[in-house]
DNA sequence: AATGAATGAGGGTTCATTCAT
DNA sequence: AATGAATGAACCCTCATTCAT
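Chains as they are written, first to last, in our numbering: chain A, 1091 to 1287; chain D, 1091 to 1287; chain P, 1091 to 1287; chain F, 1091 to 1287.
Structure below.
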């Protein structure tokens, strides 16, 4: 009894290993297959192309974040609390699978022509959701008026930079500590920076 | 009268066009040669490999920043003023050659194995210099104590994200306005966020 | 109650659809299976290989012609009448299943190494039977002496060319008219061309 | 001093060897390169794809025929004489390069979708030119009225069948004799068949 | 008999790099 | 220094065939 989904998962996991190690362009389908313990052909029973694997990796992560976001957005919470939780959740996920984090910070940018929809979803969806929360916070008077588009972009960049730093650090123990401190420090920074005085 | 350096510059400029348009991996040496109006072979009289072209592009930019930084660091100025000037200078440069900006935000991350020294210089040098300034600011009491490593990384990320947003925007007029607003907004954000109250 | 033979027929019919549409080399076993509404594996319960399907398609048609020919050959008829009937029968069959006609004109030639026995049977059997009839006609004085080998080949070629033209024509109504005219025209041409004056 | 045309010719010739031996689909670019004594990559400096090689092979032959046809068409000759000369020229060419003949009879038919323009030129151009000559002959009263479209197709088919027979014959001496006889026999056949009595 | 996921050899094509001119 | 044709390793992907269920 072979459950296809398991095999697709297997390949996704293998691809994460190889792509995080070598980068997308230097990762070969043969390597991914070998890492997964399947034949190359098998990959193509689950993905139409190498690109689609990368897209799927992004999609899984993006869906996870967006589902969490959806569950959060309509709750009766201070906007800043929502932001805090999102950030914490994101960092926790990165910590759980640092290699996925590596891939996401590394491979998200490619020329518009070959930009994968799944990646666009990440690149546009995340900041726009951050912006939505910021606007709510401004409306509620939790933070001062500001250019929410710029601040959202800056926040997104801060987060990715911190993830990048964590994720490319050798020591796995420091990773955890670093990310926990970073979450606090970032919230602190942005809360103060946006505070309504 | 074309001196070798001129030709190297010619190739660098052509490479910037092509790489910013297609991305490093999809940019071919043939295309770069054609854009430069020289033969492929000529490229290899000035660069040892395709990688070295990318590295050179980074190096030119990094040197520019670091030279500016060196001229700044020993001046008798408030640390925050130094930060402000650095940031302004950086954004002005990006505005002057947005395509270089594109390349820098896009190609800076690649697997460690292939990481070019020139890129590492950018990736580690810039945040570490930001960190130095932040430490000076803390020491002088201009800003509150904080984890300068994290804040420097966050600041670097914010800057790159804003550049990224500007640089991938279609409208060139908005680019300018956006980057000017962004410089002010970012400084505002970080100054408030780090302010000693 | 589906007897194995039914399924083999099912696959043969499906293969005819797909191969006539795409050509033998571009027709995949998956497509044939899908068209037949069976699994790929099932094909291999009835055919040893993809080639054998093509061979079978030819064999069915060739057998049909040869059986008709056998019933004709010993009858007491003018040789030219036999030729006429063969030709009429062939065109009627093509009209009944134009796609088989397409396959036969298209796929009959392949390198000797891979030449399938079933195709050889068609390629050599048909002209040699035409030649036999022509020789009979010469012997009976119905037609003038001629190089029957060449004339048989020419006749075979004429027929295939006309079939090809009919079969690749879009309009199905014209097909019928065209083939009927062609049968008459061809007989006319060859009867006059070979007539004993 | 390397003249590109020579190299393109070299590859064309090699491709003719390999394709006539194995058939287009079983001929690999590696084999063609080896036969030509060049690297695979070199092929792609002269042809955009494997298909384009086949197309080029056809084009060269078709151009040869069409050029000859153009030189013939406006001469003050009986139409049947023109036909005769065309046929003789064609058979002489086939005799000179039987392998090209093999390729032309073998690879000319493939599904419309992937039909190469160069092949279409052959498949439509030749019969339509034959038809033009036949119409002229009818107009001049050299031959009886007939359906020139069908007769042209039949003639084309006859020629190709004869070529096919010659070209797949082992013995090279017989080839010559056979084709010479065939030219005479075919003209005889069609002249009688179309004669105005 | 029927299934269809798994297989992996093999194919067409690309492109950074070289080197004779 | 400049050229650009030649190179060939390496890549992504296909698809006929198999075999455990």
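Even glycine gets a Cβ: it sits at the ideal position worked out from N, Cα and C.
This one's a predicted model, so the numbers in the text were calculated from it and none came from an experiment.
Is it a yes or a no for the stretch 1269 to 1283 of chain A touching the stretch 1101 to 1113 of chain D, going by three-plus beta-carbon pairs under 8 Å?
Taking 8 Å as the limit for Cβ pairs, the verdict is that the stretch 1101 to 1113 of chain D does not touch the stretch 1269 to 1283 of chain A.
Considering only the alpha carbon of each residue, which of 1194/A, 1164/A, 1157/A and 1207/A lies closest to residue 1250/A?
Ranking 1194/A, 1164/A, 1157/A and 1207/A by Cα distance to residue 1250/A puts 1194/A first.
Buried versus exposed, by CB contacts within 10 Å (16 or more), residue 1265/D:
By the 10 Å Cβ count, residue 1265/D comes out buried.
With a threshold of 9 Å between beta carbons, is residue 1212/A in contact with chain D?
Among the residues facing chain D, residue 1212/A is not included, as its CB has no counterpart in that chain under 9 Å away.
Under 8 Å by Cβ, that's how I've got residue 1152/F and residue 1212/F pegged, so tell me the actual separation to the nearest angstrom.
With 8 Å as the limit, residue 1152/F and residue 1212/F qualify as a contact, their Cβ atoms being about 5 Å apart.
Would you kindly report the start and end of the unbroken alpha helix (DSSP H) that includes residue 1218/D?
Segment 1207 to 1229, the alpha helix (DSSP H) holding residue 1218/D.
What does the Cβ neighbour count give for residue 1182/F, buried or exposed, with the cut at 16 atoms within 10 Å?
Flag for residue 1182/F reads exposed.
May I have a chain-ordered list of the beta strand (DSSP E) segments no shorter than 3 residues that lie completely inside the stretch 1136 to 1207 of chain A?
As far as the stretch 1136 to 1207 of chain A is concerned, it has no whole beta strand (DSSP E) run of at least 3 residues.
So, with DSSP's three-state summary, where would you put residue 1239/P?
Under the three-state reduction of DSSP output, residue 1239/P falls in the helix class.
Checking 9 Å against the spacing of the C-beta atoms, do residue 1177/D and residue 1158/D come in under that value?
Against a cut-off of 9 Å, the Cβ pair of residue 1158/D and residue 1177/D comes out as no contact.
Which residue or residues does DSSP assign as beta-bridge partners of residue 1275/P?
Residue 1275/P pairs with nothing; no bridge assigned.
So, for residue 1236/F: in the same chain, excluding its five sequence neighbours on each side, which residues have a beta-carbon less than 8 Å away from its beta-carbon?
Contacts found: 1224, 1228 and 1284.
Under 9 Å between C-beta atoms, does residue 1281/D make it to chain A?
For residue 1281/D, a Cβ of chain A is located within less than 9 Å of the residue's own Cβ.
What residue range is occupied by the uninterrupted alpha helix (DSSP H) comprising residue 1119/A?
1119 to 1126 is the span of the alpha helix (DSSP H), which, as asked, contains residue 1119/A.
Who are residue 1233/A's beta bridge partners in DSSP?
DSSP lists 1285/A as partners of residue 1233/A.
Does the beta carbon of residue 1188/P come closer than 9 Å to any beta carbon on chain F?
For residue 1188/P, the answer is no, since every Cβ of chain F falls outside 9 Å of its Cβ.
Determine the contact status of residue 1168/F and residue 1113/P, defining contact as a CB-CB distance below 9 Å.
Going by C-beta atoms, residue 1168/F is not nearer than 9 Å to residue 1113/P.
Short CB-CB distance (under 9 Å) between residue 1093/F and chain P
Residue confidence is low: residue 1093/F scores 45 on pLDDT, short of 50, so the model does not pin down where it sits. Its coordinate-derived value is still stated next. Not one chain P Cβ lies under 9 Å of residue 1093/F.
Helix, strand or coil: which one does DSSP assign to residue 1108/A?
Residue 1108/A sits in a helix when the DSSP states are folded into three classes.
Can you pull the chain D neighbours of residue 1173/A, defined as C-beta to C-beta under 7 Å?
Neighbours of residue 1173/A on chain D: none; closest Cβ ~14 Å, over 7 Å.
How big is the Cα-Cα spacing for residue 1192/F and residue 1278/P?
Annotation: residue 1192/F to residue 1278/P spans about 30 Å, alpha carbon to alpha carbon.
What is the DSSP secondary structure of residue 1102/F, counted as helix, strand or coil?
Here residue 1102/F sits in helix by DSSP.
Going by DSSP in three states, residue 1129/D sits in which element: helix, strand or coil?
The DSSP-derived three-state label of residue 1129/D is coil.
Just tell me which of 1102/A, 1218/A, 1116/A and 1172/A has its CA closest to the CA of residue 1243/A.
Between residue 1243/A and the set 1102/A, 1218/A, 1116/A and 1172/A, the nearest pair of CA atoms involves 1218/A.
Put residue 1259/P into one of helix, strand or coil per three-state DSSP.
Residue state, collapsed to three classes: coil.
In three-state terms, what does DSSP make of residue 1134/A?
DSSP, reduced to helix, strand and coil, places residue 1134/A within a helical segment of the structure shown.
Which residues of the stretch 1176 to 1209 of chain A have a Cβ closer than 9 Å to any Cβ of chain D? Give them in chain order.
Residues of the stretch 1176 to 1209 of chain A that bring their beta carbon within less than 9 Å of a beta carbon in chain D comprise 1192, 1195, 1196, 1197, 1199, 1200, 1201, 1202, 1203 and 1204, in sequence order.
Measuring only between beta-carbons, confirm whether residue 1249/D sits less than 9 Å from chain A.
Output row for residue 1249/D: interface = yes.
Are the C-beta of residue 1113/A and some C-beta of chain D separated by less than 9 Å?
With 9 Å as the cut-off, residue 1113/A counts as an interface residue toward chain D.
Residues of its chain near residue 1206/D, where Cβ-Cβ distance is below 7 Å and the 5 sequence neighbours each way are ignored:
Here residue 1206/D has 1141, 1144 and 1145 as same chain residues with Cβ atoms under 7 Å from its own Cβ, once five neighbours each way along the sequence are excluded.
Please check if any C-beta of chain P sits within less than 9 Å of the C-beta of residue 1135/F.
Taking 9 Å as the threshold, the shortest C-beta distance from residue 1135/F to chain P does not fall below it.
Please report how far the alpha carbon of residue 1186/F lies from the alpha carbon of residue 1149/F, in whole angstroms.
Rounded to the nearest angstrom, the two C-alpha atoms are 17 Å apart.
Assign residue 1247/D to one of three DSSP states: helix, strand, or coil.
Helix at residue 1247/D.
When you compare only the Cα positions, how much space is there between residue 1275/A and residue 1118/A?
Looking at the two C-alpha atoms, the distance is approximately 39 Å.
How long is the line joining the alpha carbons of residue 1261/P and residue 1126/P, rounded to whole angstroms?
The alpha-carbon of residue 1261/P is positioned some 26 Å away from that of residue 1126/P.
Which residues in chain F sit within 7 Å of residue 1237/P, going by Cβ to Cβ distance?
Going along chain F in sequence order, the residues near residue 1237/P (Cβ under 7 Å) are 1271 and 1275.
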